[in-house]
Amino acid sequence: MNRTVVTVARDVLAATREEAEAFRARRAQAGTLVVNLLSSPGAGKTSLLQATAAHWQGRYRVAVLVGDLATDRDAQRLAPLVDVVQMTTGGACHLEIPLVNKAFAQLPNCPWDFIFIENVGNLVCPASHDVGEHLRVLMLSVTEGDDKPAKYPKMFRTSQTLIVSKLDLLPYVPFSVAAATEDACRIQPDLTVLTVSALKGSGISEWCEYLEAQRRQRVLAATD
Ligand SMILES: Nc1nc2c(ncn2[C@@H]2O[C@H](COP(=O)(O)OP(=O)(O)OP(=O)(O)O)[C@@H](O)[C@H]2O)c(=O)[nH]1
Ligand SMILES: [Mg+2]
């Protein structure tokens, strides 16, 4: 069999990396914490964002850039609460920074306090794409099984925060928060673990306080 060696003299991902770094730096200068929210489909990302906006009741300027393969249903759910732009990927299983930049350009020009990027529901591909976030938050719902950290390690390794969601369903499913947390922290020892039920409201105020502290540490203190 013939073999051909192709020498790539240029880092083809360098431009994307630079675009993500520039987005992160510009948002930090404006005092905005950018949060990349990831999970498998249906873990409760949009529900958490609804509960977050309802908890803050307009205290902060919040926008959501929401990614989906098709439909603008999540954007319709969020629009009564926050400024929102739907990014429809047309089949792509993750978001990339050029699409995020285009969506951001559609928002009103204002100094946002928080921008959430709701990524496409998928526990694999989004882990490999820097979309210019300051904080990567991974959600795992109790209905998915506590074995997921060990089975999808990259997603857990590249995140700073794990939210165990749908805690109200814990009495009905075989899920050990301790086992999931132990596996996740073995993969990523610096992981912060929070538990929430967006449906019942438990853990939402702790999550909101956590976000406020992250904004102070990662954005406001860093740009003083
Ligand atoms: N019992 C319970 N159900 C929840 C909770 N949070 C969300 N759900 C339900 O779970 C389903 C999926 O919630 P979504 O918020 O749409 O999840 P998502 O991660 O945004 O879904 P995709 O964007 O499609 O990946 C909906 O039927 C929600 O009502 C919760 O805390 N408890
Ligand atoms: Mg959603």
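Using our numbering, the first residue of the sequence shown is number -1, and each one after it goes up by one. C-beta atoms are modelled at their ideal positions from N, C-alpha and C, and glycine is treated no differently. Predicted model only: the values in this text are computed from it and were never measured.
Best match in the options for proximity to residue i [C-alpha to C-alpha]
| i | options | result |
| --- | --- | --- |
| serine 157 | Glu17, Val33, Ala18 | Val33 |
| proline 96 | Leu63, Leu138, Gln212 | Leu63 |
| glycine 42 | Asp144, Leu165, Gln212 | Leu165 |
| proline 147 | Ser126, Val175, Thr30 | Val175 |
| threonine 14 | Val98, Pro39, Gly89, Gln48 | Val98 |
| proline 78 | Ala12, Gly40, Ala61, Val122 | Ala61 |
| proline 109 | Ala220, Phe21, Pro172, Gly29 | Gly29 |
| serine 203 | Leu46, Asp9, Gly143 | Leu46 |
| arginine 155 | Gln27, Ser126, Tyr170, Glu142 | Ser126 |
| threonine 193 | Tyr208, Arg184, Ile185 | Tyr208 |
| leucine 31 | Gly65, Gly130, Ala196, Arg184 | Gly130 |
| leucine 197 | Glu19, Leu11, Arg8, His53 | His53 |
| aspartate 145 | Phe114, Ala178, Ile113, Leu167 | Ala178 |
| aspartate 111 | Val80, Leu93, Ser195 | Val80 |
| isoleucine 113 | Ala12, Thr5, Arg213 | Arg213 |
Three-state secondary structure (DSSP) of residue i
| i | result |
| --- | --- |
| leucine 67 | coil |
| glutamate 116 | strand |
| serine 139 | strand |
| glutamine 84 | strand |
| proline 196 | The question names proline, yet the displayed sequence has alanine at residue 196. Note: alanine 196 maps to coil in three-state DSSP. |
| arginine 15 | helix |
| threonine 221 | coil |
| threonine 156 | coil |
| leucine 105 | coil |
| valine 191 | strand |
| valine 3 | coil |
| arginine 134 | strand |
| alanine 125 | helix |
| alanine 182 | helix |
| alanine 77 | coil |
| alanine 90 | coil |
| alanine 20 | helix |
| alanine 61 | strand |
| arginine 8 | coil |
Residue interval of the beta strand (DSSP E) (run including residue i)
| i | result |
| --- | --- |
| asparagine 34 | 31 to 36 |
| serine 174 | Per DSSP, serine 174 belongs to no beta strand (DSSP E) and is neither H nor E. |
| valine 162 | 159 to 163 |
Status (buried if at least 16 other CB within 10 Å, exposed otherwise) for residue i
| i | result |
| --- | --- |
| serine 200 | exposed |
| glycine 119 | buried |
| alanine 23 | exposed |
| aspartate 222 | exposed |
| threonine 50 | buried |
| aspartate 188 | exposed |
| proline 39 | exposed |
| threonine 2 | exposed |
| proline 169 | exposed |
Terminal residues of the alpha helix (DSSP H) in which residue i lies
| i | result |
| --- | --- |
| serine 203 | 202 to 213 |
| leucine 46 | 43 to 54 |
| proline 147 | 146 to 149 |
| query | Taking one C-beta from the stretch 130 to 138 and one from the stretch 63 to 79 each time, how about it: are there three or more such pairs within less than 8 angstroms? | reply | Too few Cβ pairs lie closer than 8 angstroms, so no.
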